[in-house]
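First residue of the sequence shown? That's 413 in our numbering, and the numbers climb one at a time after it. A virtual CB, placed ideally from N, CA and C, is assigned to each residue, including glycine. What follows is a set of notes on a single structure, which appears directly below.
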Amino acid sequence: MKKLALHWKIIIGMVLGVIWALLSSYMGWSAFTINWIDPFGTIFINLLKLIAVPLVLFSIIGGVANIGDPSSLGRMGGKTLLLYLLTTIFAISLGLILVNTIKPGKLIDEQSRIDNRINYEIWASSQGHEIKDGINYLKDPEFLERAQEISELTKQDLKEVSVSDKIATADQRKETTPLQPLIDIVPDNFFYSLSNNGLMLQIIFFAIFFGVCLLFIPNEKSGPVLKLVDGINEVFLKMVDLVMQAAPFFVFALLAGVVSKMAGDDIGKVVEIFKGLSWYSLTVLSGLLTMIFITYPSILKTFVKKIPYAGFFKAMSPAQTLAFSTSSSAATLPITMECVEQNLGVNKKISSFVLPIGATVNMDGTSLYQAVAVVFLAQLHMIDLTIGQQLTVVMTTTLASIGSAAVPSAGLVMLIIVLDSVGLNPAWIAIIFPVDRILDMFRTVVNVTGDATVCAIIADGENMLNYEDAKDPTETFDLKS
């Protein structure tokens, strides 16, 4: 087992978690699973939440500040960041269109979704969250009886849940202006924002502001701060690494607990969960493949006429293959740079500037997946997110993607932030965990392909693209190795 790669261990943990959930559902052991195994899954979520906020904070500060001299933020830097931002917004929008069209979360048994909804309302009340669509199922006597069947709460407790939601909703109806969302992005107390995952946009705003300001002070003053930021960022990345080393066990506990909570002693509900996951996976994959084979080639052809469709993929195939196998944009970066320089003919001055920024801020695949995942999980729990709430998803996902570390499974940490931003339960990431690894491999291919596309466009705009004299990829890399 020690020789197995981590992702195989995680997959084994997932499979064992599902098998245990099925077995405990069949044997009537769900209560044991929830009481004695599920708490370790909660610990896993808490560890990820512990790391998420400081990781985003220091990753964004370091990413912005390491751009270098403020003059680099001029024409070339502005075009680079603008293109990355536009492709990210397009990817998220594509994801939202697909998930709202296919509606994978609604393609499972209605009774399972009702039970999920009841559990969501109980959780929202315990956390002090407002019910997102303003509907409270527990006010209906029919659902009140069902809630008592699937939870340990008494009827009086459930009635109090209904009342507390009504009070919370009333308290939060305050006067707002059309620009209130913009006001809410700027914190008045940064340390309060740090203590609340739901205020992640404020933390991201502070991190970007702090990083930009570091660019405009002398190097002798900013240097020590940058070293400290980079050092702290490395510590939190190591924390992610250590937590992920224990992930196989935690994933087993998390998956077993979540499936047991959703299914109880009814094995049919487990089947419904995986039916929904199949539709969710197809939705995400269709979006990712559209980005790889349609969106990026179309954007490239619009700005760069000299690179043919097949030529681009032939040039980038070594980097795409490595990205698929490692699920890490950072691990793939040296090969990506070699591909664009030698196979596409991009000048090294462009690639050394554009690609490292892309590895930090361009997470199109991760952004698309997060947008689909949030809406899918909401649909699975019978929650209809408004256009405004989905726009919040777009904004949070776009900005959070800047702080996504270019390492495997970092998207899951960022997904916690996005779920928190719209008042949904971060523990729901366990539902999509079984298919996350394979989707993560495709997401990384999207990220790397997007980096190469933007790099080629910037190089052509600066007259630093010489595709005609580029090498044949088979001469640069041994594709069989």
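Looking only at its chain, what residues have a beta carbon closer than 6 Å to the beta carbon of residue i, apart from the 5 residues adjacent to it on each side?
i	result
residue 872	716
residue 456	662, 666
residue 840	789
residue 579	Legend: pLDDT at residue 579 = 36, less than 50; position of this residue unreliable, value from coordinates given subsequently. If we look at residue 579 and ignore the five residues flanking it on each side, it has no Cβ neighbours.
residue 532	793
residue 837	535
residue 420	none
residue 428	664
Restricting to Cα atoms, I'd like to know which of the options is closest to residue i.
i	options	result
residue 603	595, 597, 596, 615	615
residue 638	471, 652, 488, 531	471
residue 501	867, 802, 828, 850	802
residue 543	453, 421, 835	835
residue 791	495, 463, 422, 508	508
residue 761	462, 488, 436, 534	488
residue 497	777, 842, 795	777
residue 513	850, 851, 691	691
residue 424	632, 595, 658	658
residue 527	537, 510, 557	557
residue 653	454, 439, 537, 463	463
residue 842	439, 453, 494, 634	453
residue 596	440, 611, 745	611
residue 554	523, 732, 540	523
residue 826	440, 461, 439	461
residue 856	626, 441, 733	733
I'd like to check one pair, residue j with residue i: are the Cβ atoms closer than 9 Å?
i	j	result
residue 860	residue 783	no
residue 906	residue 830	Absent from the model: residue 906. The displayed extent of the chain is 413 to 893, so no value can be given.
residue 766	residue 881	no
residue 525	residue 515	no
residue 747	residue 730	yes
residue 739	residue 853	yes
residue 689	residue 844	yes
residue 894	residue 673	No statement about residue 894 is possible, as the shown extent of the chain runs from 413 to 893 and does not include it.
residue 719	residue 712	yes
residue 756	residue 727	yes
residue 876	residue 774	no
residue 618	residue 469	yes
residue 804	residue 833	yes
residue 644	residue 466	yes
residue 437	residue 444	no
residue 808	residue 510	no
residue 867	residue 770	yes
residue 953	residue 851	Any answer about residue 953 is impossible in this case: the structure gives the chain only from 413 up to 893.
Since I believe residue j is in contact with residue i (beta carbons under 8 Å), could you give me their beta-carbon distance rounded to a whole number of angstroms?
i	j	result
residue 504	residue 693	Contact doesn't hold; Cβ gap of about 18 Å is too wide.
residue 669	residue 449	6 Å
residue 684	residue 520	4 Å
residue 499	residue 870	Actually they do not touch by this definition, with Cβ atoms about 13 Å apart.
residue 459	residue 655	5 Å
residue 477	residue 641	7 Å
residue 506	residue 699	5 Å
residue 422	residue 660	5 Å
Return the bridge partner residues of residue i from the DSSP annotation.
i	result
residue 877	758
Ignore the nearest five residues each way along the sequence and tell me which others in residue i's own chain have a CB closer than 8 Å to its CB.
i	result
residue 764	749
residue 357	Absent from the model: residue 357. The displayed extent of the chain is 413 to 893, so no value can be given.
Please report whether the beta-carbon of residue i lies at a distance below 9 Å from any beta-carbon of chain B.
i	result
residue 846	Chain labels in this structure do not include chain B; a single protein chain is all it has.
So, for residue i: in the same chain, excluding its five sequence neighbours on each side, which residues have a beta-carbon less than 7 Å away from its beta-carbon?
i	result
residue 708	861, 862, 865
residue 574	Low confidence applies to residue 574: its pLDDT is 49, below 50, so where it sits in the model is not reliable enough to give any reading.
residue 622	473
residue 426	663, 667, 845, 846
residue 630	none
residue 915	Given that the chain is displayed from residue 413 to residue 893, the structure contains no residue 915 and the question cannot be resolved.
residue 620	472, 476
Could you tell me if the beta carbon of residue i falls within a distance shorter than 8 Å of some heavy atom in the ligand MG?
i	result
residue 835	Among the components of this structure there are no ligands whatsoever, and the ligand MG is therefore not found.
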